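The listed protein sequences correspond, in order, to chains A and B. Residue numbers for the first sequence follow the numbering used here, so the first one is 99 and each next one is one higher. Residue numbers for the second sequence follow the numbering used here, so the first one is 99 and each next one is one higher.
Protein chains: 2
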Amino acid sequence: MNISQIAKLAGVSPAAVSRYLNNGYLSEEKRAAIARVIRETGYTPSSQAQTLRTKRTKLIGVIIPKIDSDSISQVVAGISQVLSEQGYQMLLANTANQNSRELDYINTFSQNMVEGIILLGTILTPAHKKLLKSLKVPVVVLGQSIDYESCIYHDDYQASVGLAEYMIGKGCKKIGYIGVTEKDKAVGKLRKQGFLDTMTKHGLKVCESAIKTGSFYMENGYENTPLLLRDNPDLEAILCATDTIALGAIKYLNQNRIRIPEEIGICGFGNGRAASILTPSLTTVHFYYWECGEEGAKILLEKIASPDTPNKSVKLGFELVKNESV
Amino acid sequence: MNISQIAKLAGVSPAAVSRYLNNGYLSEEKRAAIARVIRETGYTPSSQAQTLRTKRTKLIGVIIPKIDSDSISQVVAGISQVLSEQGYQMLLANTANQNSRELDYINTFSQNMVEGIILLGTILTPAHKKLLKSLKVPVVVLGQSIDYESCIYHDDYQASVGLAEYMIGKGCKKIGYIGVTEKDKAVGKLRKQGFLDTMTKHGLKVCESAIKTGSFYMENGYENTPLLLRDNPDLEAILCATDTIALGAIKYLNQNRIRIPEEIGICGFGNGRAASILTPSLTTVHFYYWECGEEGAKILLEKIASPDTPNKSVKLGFELVKNESV
DNA sequence: TTGTATGCGTTATCAG
DNA sequence: CTGATAACGCATACAA
């Protein structure tokens, strides 16, 4: 069923039907006639053909490193809400932690298809910068601070300082750290730096063996905690770069009957669902993930509406969640 | 940049370029010439125009009730993997638990855009049935058993029987239940029925006040647990229809220093990330969520490839995760 | 206010 | 093997 068949049935020209669809000039009678035919036939215009003409797809590409993560799924939920309110659809691409696929998806998306791209950033390489700057479609990067595109990010450094101060305030002096690759500037580098700087400020040493690095998964915490304890028998607490890593650490400690926080204190980042349920509940920081997605989508839609809007970079706050694990 | 400009630059006809793009008949020299021009210009074909001709969008619509859920995000991850392997993109629609929006999205998707739809089912009404049966595009329903479309679902009933048997085997006689609306056949009705049937089979009574119903969120468990305890002072255990609900119950019990499992046993469904981390760890059943998404996507792609494939309905198994909470 | 004619970028047909 | 040409379904400039 296409526009000219409808026109024929309604006894008008295809152009009239098009005008009907787009609220153009039309007499009441014709309007009514067309309305009736469309209702009876259940006709809907082809969005492909519309796009071919108007160049508007109403599609936003969203690229994420993984979907089964508390924090990311919240960001996506925030994005999803704003987009659907504005009549946009979300094309979701999951790189499954294969960084190179980010570039592929950015390309695929930008070639055609989407009007804008939201990238949940992890490791942003020079190749990213080059590719992103070359795009015709607007981009917003979430979770990492960059200077060549609009971005929304969390105050990872200060959050880390906050947690470290809190741990030190609780009397911990010998604190270990389990993090992720520093190639991830937000989660890997800044959180670690905030910790180290705070320790230094208080005159506390952190030797090389008290710092471990691994993946974004629970295994990281589970496998590095015993190493940390082996290398630092007098360890009093562990700061983990994410709640998920902290969960892995807790799993190991529980299994080995090491009491939290009496023997070892634990902190994470992200305030995931499990944090408040655990016994003892996990001390962590709350980041505004949902808002991050929401705000990111809004900024992207603004950029689409007026392409010459200057880049914005928004730093979101955080809240210390002082629970019982330290 | 379009196909005829490329053709002009390469000194061939647009048709030749099209053939180049689609692996048609072409001499080596022309092929080389076209390849060079395409490389130099960075040309990519317009997927809209391609679609307009071929009717193929390479888009799959996926409709979910919420994104920030352990189980759902795993299903989506499974779907995502299969689709991307096959060169399909995923259009994700999040209804945010507004059931009516499911119908809207099914309509939007099916009108144009997508070649197939995956629906993560919750409450399937007669309106759903009518709409789904009227669609031209293939559909696969995940998580609910229905007879008019292909579906992949879990053995909710037997899983519930398994948990109930296990609890009874542990000596519990007075068991309460916190569930969700029975309009959700899989999670609401079957899980409850499996529990009730098993209790009856063992000659154990479950009075009305030992059964509570609420949302899919933690609040359900958190708010209904005290009611359950008030109405049934001699309660020995609670079976919760989801891990998330169980987490809410555990939160309440922890806050009120009611020991698990000594005073009250707890079970859930789903084997979410938190289950094994909790102390005591949560007894639950493992469902194959990732595989559910994977299998669903495969079946959908089969249906797209050969539209007259008969409907399939696949029941996935489960595994009892015997942890410490009961 | 209305209709005609044209083109968006591609692919399929068909004659060469 | 190749190229001209006609669709695909729609929106718009322009003429009426």
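A virtual CB, placed ideally from N, CA and C, is assigned to each residue, including glycine. Computed from a predicted model, the values in this text were never measured in an experiment.
When 7 angstroms is used as the limit between beta carbons, Q146(B) is near these residues of chain A: Q146, T149, L150 and N210, in chain order. Apart from the 5 residues on each side of it in sequence, I358(B) sits with its Cβ closer than 7 angstroms to the Cβ of I348, L351, I364, P378 and S423 in its chain, given in chain order. Proximity of R371(A) to chain B, defined by a Cβ-Cβ separation below 9 angstroms, is satisfied. A335(B) and Q196(A) have their C-alpha atoms spaced approximately 44 angstroms apart. Interface annotation, N352(A): in contact with chain B, CB-CB separation under 9 angstroms. Assigned with DSSP and collapsed to three states, C270(A) falls in coil, not helix or strand. Taking 9 angstroms as the CB threshold, Q184(B) stays off the interface with chain A. Near chain A, meaning a CB-to-CB distance below 7 angstroms, the residues of the stretch 334-348 of chain B are L345 and I348.
Contacts between I362(A) and chain B, judged by CB atoms closer than 7 angstroms, are missing: the closest CB pair is about 14 angstroms apart.
Neighbours of Q179(A) in chain B, taken as residues at a C-beta separation under 8 angstroms, are given in chain order as N192 and A194. Per DSSP, the unbroken beta strand (DSSP E) holding T382(A) starts and ends at T382 to F385. Assigned with DSSP and collapsed to three states, M99(B) falls in coil, not helix or strand. By DSSP's assignment, K310(B) forms a beta bridge with I276(B). Look at M188(B) here: in three-state DSSP terms it is strand. With respect to chain B, the C-beta atom of A175(A) has a partner C-beta closer than 9 angstroms. One alpha carbon belongs to L230(A), the other to I177(B), and they sit about 27 angstroms apart. When DSSP states are grouped into helix, strand and coil, E183(B) belongs to the helix group. For the stretch 373-396 of chain A, the beta-carbon criterion of a distance under 7 angstroms to any beta-carbon of chain B is satisfied by S374, I375, L376 and T377. Judged by beta-carbon spacing, N192(B) lies within the 9 angstroms limit of I162(B), meaning their Cβ atoms are closer than that value.
Assigned with DSSP and collapsed to three states, K227(A) falls in helix.
For E321(A), the secondary structure class from DSSP, reduced to helix, strand or coil, is helix.
Listed by position along chain A, the residues whose Cβ is nearer than 7 angstroms to that of I165(B) are S171, V174, A175 and S178. Cβ-Cβ distances below 6 angstroms link F293(A) to S258, A262, Y275 and L337 in the same chain, with the five nearest sequence neighbours on each side left out; the list follows chain order.
Rounded to whole angstroms, the Cβ separation of G219(A) and V239(A) is 5 angstroms, and the two are in contact under 8 angstroms. Take the alpha-carbon of I397(B) and the one of R154(B): they are about 18 angstroms apart.
Nearest to T340(B) by C-alpha distance, out of S167(B), Y186(B) and R137(B), is S167(B). When C-beta distances to chain B are compared with 7 angstroms, the residues of the stretch 128-147 of chain A below that value are T142, S144, S145, Q146 and A147, in chain order.
When the beta-carbon positions are compared, L190(B) and V174(B) come within less than 9 angstroms of each other.
At a cut-off of 9 angstroms, the C-beta of Q187(A) has a neighbouring C-beta in chain B. When DSSP reads this structure, S178(B) sits in no beta bridge, so it has no partner. Annotation for K413(A): the continuous beta strand (DSSP E) segment containing it runs S411 to L414.
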